[in-house]
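21 is the number of the first residue of the sequence shown in this note's numbering; add one for each residue after it. Note that CB positions come from ideal geometry on N, CA and C, so glycine has one too. Treat the numbers as computed from the prediction; the structure is a model and nothing was measured. Report on one structure; see the data block that follows.
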Amino acid sequence: MVQIIHSADFHLDPRMTSFLNRDEERRKDFTKNFDYIIEFALKERPDIVLISGDLFDNINPRNPIRNHVVKSFKKLYEKKVKIFAISGNHDEPKSIQNALSPISILDSIEYLDFIQTENNLIGKRELVIDNLKINIIGDSFNIFTNQDQDPLEQREFPKINGDLNLFMTHGSISMFKKSYLGDSIIKETNIPEEIDYVAAGHLHEHLEKTRKNFDLGNITYLVYPGSIEFLSFNENLQNPKGFMFLEFGKHELVSKDFIKLETRPMKQLEIPISSKNEDIFSEIIDPIASLSDPSLILKIILDGKIKTEQIAGIKSSKIVSYGDEHFFKLFLDNYSKLTFESSELVLPDKEHTTPIEIFLHYVDKLIDEEDGRNKDKLVSVKRLSLKTLKKYGVD
């Protein structure tokens, strides 16, 4: 039997500028789950660890995280755990000038085996574990593929002849019907039937499919473990993050476990508001007060229609300050769904109209539309404003 950890999309050292003074603390959430996987591997001693792209969030991770990763992989190396990796769209160089992935550094010190495609021939490693001949085939993300092209159509697979054949890839596979904007799609029909398990990365959600191969009569498992931490509110915040712990026999998946990771809580809340709200600020604060949690990242989306003169009543800076006191971070979205109606100034139906007449026409219209306390307030505003206008000689 062969035991394997399949992981992907660590996104170590992410840019977290929107978290301002808490950016470093937020980055540590990713390091924490990386450390958990390392400790899990040290305890369980799998034969192989697969990292299917985006170990780092960019091609120039800072030195502290590089050093931490090197030390962590050294621990696994000393315990005879073999690590194989490919690069993803985040840690694959975007140009010839930056033609070195940060994963190459780990490969050069031999703590990790970076499988690369050369001259369009997909890379392959052969090893024998417990009398099983294993083929590990790896194709990193190809940034030069056009959106309407299948990356594998430009590639050539090596000879596949193992008792267990694994294919590492980073991209969107058509069978899952999920992709990100601008992705080129990998057709599962271009993945050879000889492959027993597709260790995929790129999609941040844990997803699994099986493909029945009619020519060979076998089954290919296609799996995305997902990312190790949430990076965006666009992700399904209800689905857990984690990695795969697998056991294989000859052309056989014996056991498959999704190991869940503890992530920082994130929540998105839509708050309806309207022009009839007398106190918009309270309408926003009241529903989020019950959610107070210093570990929570909260995004509130204002939904509705208000008058332009009510925008100040949102008190955005005060809401953000409240968020700083009661949450890890609060994000306020007051534009994507909120619409505004302008208060049009309709002039009296007269050829010659004085400024006072225009003012009275506008204010009287507002008073007619209101009742209760708001009506009384507007009457007071009208009286004081008239007094001020006449004081300064406005007719």
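Among the options, the one whose alpha carbon lies nearest that of residue i
i: residue 28; options: 206, 83, 278; result: 278
i: residue 286; options: 315, 384, 81, 126; result: 315
i: residue 303; options: 323, 288, 317, 312; result: 323
i: residue 190; options: 158, 215, 217, 169; result: 158
i: residue 23; options: 342, 62, 398, 127; result: 62
i: residue 349; options: 400, 82, 318, 378; result: 318
i: residue 240; options: 249, 220, 226, 247; result: 220
i: residue 100; options: 109, 78, 69; result: 69
i: residue 283; options: 394, 251, 96; result: 251
i: residue 325; options: 356, 338, 305; result: 356
i: residue 44; options: 80, 78, 85, 79; result: 85
i: residue 207; options: 173, 81, 165; result: 173
i: residue 244; options: 49, 50, 74; result: 74
i: residue 167; options: 320, 199, 225, 96; result: 199
i: residue 150; options: 184, 39, 218; result: 184
i: residue 49; options: 247, 342, 79; result: 247
i: residue 393; options: 297, 217, 381, 292; result: 297
i: residue 136; options: 160, 154, 194; result: 160
i: residue 5; options: 96, 224, 262, 238; result: Limits of the chain in this structure are 21 at one end and 415 at the other, which puts residue 5 out of reach.
i: residue 179; options: 196, 162, 154; result: 154
i: residue 140; options: 340, 310, 165; result: 165
i: residue 26; options: 72, 39, 58; result: 72
i: residue 237; options: 344, 337, 272; result: 272
i: residue 235; options: 310, 214, 254, 253; result: 214
In DSSP terms, what residue i is bridged to
i: residue 286; result: 317
i: residue 277; result: 265
i: residue 227; result: 244
i: residue 26; result: 70, 264
i: residue 344; result: Looking at the DSSP assignment, residue 344 forms no beta bridge with any residue, so it has no partner.
i: residue 323; result: 292
i: residue 205; result: 192
i: residue 232; result: 239
i: residue 214; result: Residue 214 is not bridged to any residue.
i: residue 255; result: Answer by DSSP bridge pairing: none, since residue 255 is not bridged.
i: residue 106; result: 72
i: residue 32; result: 76
i: residue 272; result: 269
i: residue 176; result: 141
Continuous beta strand (DSSP E) stretch holding residue i: start and end
i: residue 421; result: Nothing in the structure corresponds to residue 421, since the chain is present only between 21 and 415.
i: residue 217; result: 217 to 221
i: residue 347; result: 347 to 353
i: residue 187; result: 184 to 190
i: residue 147; result: 143 to 149
i: residue 359; result: 358 to 361
Where the alpha helix (DSSP H) through residue i begins and ends
i: residue 394; result: 392 to 411
i: residue 383; result: 375 to 389
i: residue 138; result: Here residue 138 belongs to no alpha helix (DSSP H), and DSSP marks it neither H nor E.
i: residue 159; result: Looking at the DSSP string, residue 159 is not in any alpha helix (DSSP H); the run it does join, the beta strand (DSSP E), is 152 to 159.
i: residue 132; result: Segment: none, residue 132 is in no alpha helix (DSSP H) and carries neither H nor E.
i: residue 247; result: First-last for residue 247: undefined, no H or E at that position.
i: residue 305; result: 300 to 309
Same chain only: Cβ atoms within 6 Å of residue i, ignoring 5 sequence neighbours per side
i: residue 177; result: 142, 212
i: residue 156; result: 104, 145, 186
i: residue 1; result: Outside the displayed range of the chain (21 to 415) lies residue 1, so it cannot be described from this structure.
i: residue 276; result: 266
i: residue 169; result: 204
i: residue 289; result: 320
i: residue 196; result: 227
Cutoff 7 Å; reference residue i; Cβ partners in own chain excluding five residues on either side
i: residue 47; result: 33, 34, 36
i: residue 56; result: 281
i: residue 330; result: 295, 300
i: residue 152; result: 22, 183, 184, 270
Neighbourhood of residue i by C-beta, 8 Å cutoff - its chain only, sequence neighbours within 5 removed
i: residue 328; result: 360, 361, 362, 363
i: residue 94; result: 131
i: residue 409; result: 375, 376, 379
i: residue 387; result: 395, 398, 399, 402
i: residue 80; result: 122
i: residue 249; result: 31, 49, 50, 53, 261, 281, 283, 284
i: residue 133; result: 102, 103, 104, 105, 127, 145
Any non-hydrogen atom of the ligand FAD closer than 8 Å to residue i Cβ
i: residue 187; result: This structure lacks the ligand FAD, and indeed carries no ligand of any kind.
Worksheet entry | Entirely enclosed beta strand (DSSP E) segments - the stretch 37 to 104, minimum 3 residues | 68 to 72
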